[in-house]
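Taken in sequence, the protein lines are chains A and B.
The first sequence maps to residues 104 to 263 in my numbering.
The second sequence maps to residues 281 to 521 in my numbering.
Beta carbons: idealized from backbone N, C-alpha and C, even for Gly.
Note that the structure is a prediction, hence the values are computed from the model and not measured.
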Amino acid sequence: MDVFTILLWIIAGGALVISLTKNKRRTLNAMKIARGMMGNMIGEIAAILFLIGLILTFIPPETIKSVLGQSDQFISTIVSAVVGSITLIPAFVAFPLVGSFVDIGAGIVPAVAFLTTLTMVGVVTFPLEKQEFGLKFAVTRNTLSFLFAVMIALAMGVLI
Amino acid sequence: MNIVQFAKRNKLLAAVALTYAVLFITMPDKAVLSIKNSMYYVIEMLEIIPVIFLLTAIIEAWAPRELIINSFGEKSGWKGNVFSLILGSFSAGPIYAAFPVCKMLLRKGASMINIVIILSAWAVVKVPMLANEAKFLGVEFMGVRWILTVISIWMTAYIMSAIVKKENIPIYREVEIEKINAIDIKEQYCIGCGLCARFSPDHFEIMDKKAKVKKKKIEEEKVAGLRLTIEKCPAKAICFK
Numbered sequence: 104m105d106v107f108t109i110l111l112w113i114i115a116g117g118a119l120v121i122s123l124t125k126n127k128r129r130t131l132n133a134m135k136i137a138r139g140m141m142g143n144m145i146g147e148i149a150a151i152l153f154l155i156g157l158i159l160t161f162i163p164p165e166t167i168k169s170v171l172g173q174s175d176q177f178i179s180t181i182v183s184a185v186v187g188s189i190t191l192i193p194a195f196v197a198f199p200l201v202g203s204f205v206d207i208g209a210g211i212v213p214a215v216a217f218l219t220t221l222t223m224v225g226v227v228t229f230p231l232e233k234q235e236f237g238l239k240f241a242v243t244r245n246t247l248s249f250l251f252a253v254m255i256a257l258a259m260g261v262l263i
Numbered sequence: 281m282n283i284v285q286f287a288k289r290n291k292l293l294a295a296v297a298l299t300y301a302v303l304f305i306t307m308p309d310k311a312v313l314s315i316k317n318s319m320y321y322v323i324e325m326l327e328i329i330p331v332i333f334l335l336t337a338i339i340e341a342w343a344p345r346e347l348i349i350n351s352f353g354e355k356s357g358w359k360g361n362v363f364s365l366i367l368g369s370f371s372a373g374p375i376y377a378a379f380p381v382c383k384m385l386l387r388k389g390a391s392m393i394n395i396v397i398i399l400s401a402w403a404v405v406k407v408p409m410l411a412n413e414a415k416f417l418g419v420e421f422m423g424v425r426w427i428l429t430v431i432s433i434w435m436t437a438y439i440m441s442a443i444v445k446k447e448n449i450p451i452y453r454e455v456e457i458e459k460i461n462a463i464d465i466k467e468q469y470c471i472g473c474g475l476c477a478r479f480s481p482d483h484f485e486i487m488d489k490k491a492k493v494k495k496k497k498i499e500e501e502k503v504a505g506l507r508l509t510i511e512k513c514p515a516k517a518i519c520f521k
């Protein structure tokens with residue numbers, strides 16, 4: 104375990120002890136709710152983690168490097184942003200997936216574009232958003248979020 | 281739960297498992313290699329999952345929602361923007377889980393800017409997720425992306441408030457007390473926490489991890505108690521009709 108993870112364990116563990124001593128019932132109830140939220144994701148998490156293994160075995164790193172790495176960054180960024188917009192996997196499982204791509208040479212810019220549109224733009228949840236907030240709201244929010252996601256990605260490329 | 285049901289509920293997992301099964305028969309060496317490649321990420325994930333779980337639970341228990349919720353009005357200014365960002369960041373669940381919460385806030389008079397900030401922050405900058413991101417992509421990556429994202433959320437919100445007006449948003453009126461005669465659950469938002477069944481066991485039950493209305497008709501004297509239950513629902517998925 105790296106220092107960062109150990110630090111997080113200490114923070115989370117400390118917070119848990121404080122929370123339990125302050126109000127045991129409230130803490131246990133909240134844990135039940137959190138378990139419900141995360142329980143539904145466990146299957147997806149396992150699937151993605153083992154999918155990473157398959158991808159790394161069958162798609163040679165050079166291919167990923169050339170498609171998502173050096174070649175044409177602008178196009179690969181836009182494509183990543185579009186894929187992120189239409190994919191519906193929780194960000195939770197996206198981080199290891201994107202991390203594995205970056206580990207073997209994918210560019211930072213398309214990776215950020217994918218991660219940001221994945222959570223901020225929702226093509227699949229669009230009908231629901233339209234129903235709740237109206238067409239104008241849903242269209243404007245998703246369009247702006249898409250544009251900003253690409254801008255964030257390009258800025259990240261300059262900064263990191 | 282039998283295998284068919286399980287596979288239906290976890291389509292992706294079933295597909296991956298099937299691929300591995302075929303692979304073990306046809307190309308066992310590749311299958312072993314794939315498992316080996318995955319193990320690094322499995323171990324990393326196992327190291328971070330308990331932390332994410334604990335952070336989510338503790339935020340759920342202690343985030344002073346009610347206090348924050350009262351600070352989103354039209355005149356709340358930058359303070360309201362900051363509160364919106366905090367509320368969004370300290371929530372759990374996917375973006376659509378924020379829809380009913382934001383609708384409730386709009387009814388209570390929250391401004392357009394703050395609603396967009398909550399919605400976007402809820403989607404992108406959740407605290408337990410930041411821990412996960414830093415784990416797999418590095419602290420610097422997470423930090424820079426966080427700062428850029430917060431700036432864009434704020435700009436999106438201001439542009440949105442200039443383009444979209446509150447009149448463009450369909451808002452259902454609060455049902456008047458004399459007319460309340462039934463309750464309704466928006467199932468797509470229910471997270472199956474079971475709070476409603478615990479507070480009003482006569483009216484709600486949990487079936488297949490979703491809350492169901494047990495008794496549609498409600499008597500007048502039950503309304504006050506049910507209103508409390510409805511407010512307790514963390515996903516704001518229950519309403520009178």
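Residue range of the unbroken alpha helix (DSSP H) whose run includes residue i
i      : result
B:E501 : B:E501 -> no alpha helix (DSSP H), and no H or E assigned at all.
A:I158 : 145 to 161
B:D309 : 308 to 342
A:K168 : 164 to 168
A:Q234 : 229 to 236
B:K359 : 357 to 369
B:M243 : No information on residue 243 of chain B is available, as it lies outside the stretch 281 to 521 that chain B covers here.
B:Q285 : 283 to 289
B:I449 : Neither: B:I449 is in no alpha helix (DSSP H) and is coded neither H nor E.
A:Q176 : 176 to 189
B:N394 : 392 to 404
A:F195 : 194 to 206
B:Y438 : 419 to 443
A:A209 : A:A209 -> no alpha helix (DSSP H), and no H or E assigned at all.
B:F352 : Where B:F352 is concerned, there is no enclosing alpha helix (DSSP H), given that its DSSP letter is neither H nor E.
C-beta atoms of residue i and residue j nearer than 8 angstroms
i      : j      : result
B:I465 : B:A517 : yes
A:P213 : A:I151 : no
A:P142 : B:N290 : It is Gly, not Pro, that sits at residue 142 of chain A in the sequence shown. Going by C-beta atoms, A:G142 is not nearer than 8 angstroms to B:N290.
B:L334 : A:A194 : no
B:Y321 : A:I155 : yes
A:M104 : B:V424 : no
B:E485 : B:K496 : no
B:K512 : A:T108 : no
B:K490 : B:C470 : yes
B:T436 : A:S169 : no
B:A515 : A:L111 : no
A:F217 : A:V196 : no
B:S369 : B:A401 : yes
B:L303 : B:S314 : yes
B:P450 : B:I332 : no
B:I510 : B:H483 : no
B:L417 : A:G208 : no
A:T228 : B:I375 : yes
Selection from the options that minimises the alpha carbon distance to residue i
i      : options                        : result
A:M134 : B:F416, B:A297, B:I339         : B:I339
B:S364 : B:P380, B:M384, B:A337, B:V396 : B:V396
A:L240 : B:P330, B:K489, B:V444         : Contrary to the premise, residue 240 of chain A reads as Phe rather than Leu in this sequence. For the residues B:P330, B:K489, B:V444, the minimum Cα distance to A:F240 belongs to B:V444.
B:L399 : B:L428, B:L293, B:I486, B:I433 : B:I433
B:A311 : B:R478, B:A297, B:F379         : B:A297
B:N448 : A:F217, A:Q234, A:F251         : A:Q234
A:L262 : B:E413, B:W426, B:A442, B:A437 : B:W426
A:I136 : B:G474, B:V405, B:I329         : B:G474
A:R138 : B:G472, B:R387, B:T306         : B:G472
Burial state of residue i, where buried means 16 or more other Cβ atoms lie within 10 Å
i      : result
B:G389 : exposed
A:A256 : buried
A:T180 : buried
A:R128 : exposed
B:S391 : buried
B:L326 : exposed
A:A184 : buried
B:S480 : buried
A:F177 : exposed
B:K406 : buried
A:N126 : exposed
A:T160 : buried
B:A442 : exposed
B:F379 : buried
B:L385 : buried
The beta strand (DSSP E) enclosing residue i, as first and last residue numbers
i      : result
B:M487 : 484 to 487
B:F520 : 518 to 520
B:I465 : 463 to 465
B:A491 : 490 to 493
Rounded Cβ spacing between residue i and residue j (contact assumed at less than 8 angstroms)
i      : j      : result
B:G357 : B:N394 : Contact flag wrong, Cβ pair sits at about 10 angstroms.
A:T243 : B:M440 : 6 angstroms
B:A377 : A:M223 : That belief does not hold up - the Cβ atoms of B:A377 and A:M223 are roughly 15 angstroms apart, past 8 angstroms.
B:Q468 : A:L231 : 7 angstroms
A:T130 : B:A341 : 5 angstroms
B:I431 : B:N461 : Contact flag wrong, Cβ pair sits at about 48 angstroms.
A:S188 : A:V226 : 5 angstroms
B:Y300 : A:F153 : 7 angstroms
Residue i Cβ short of 7 angstroms to the ligand ADP heavy atom set
i      : result
A:L131 : For the ligand ADP, the structure offers nothing, since it holds no ligand at all.
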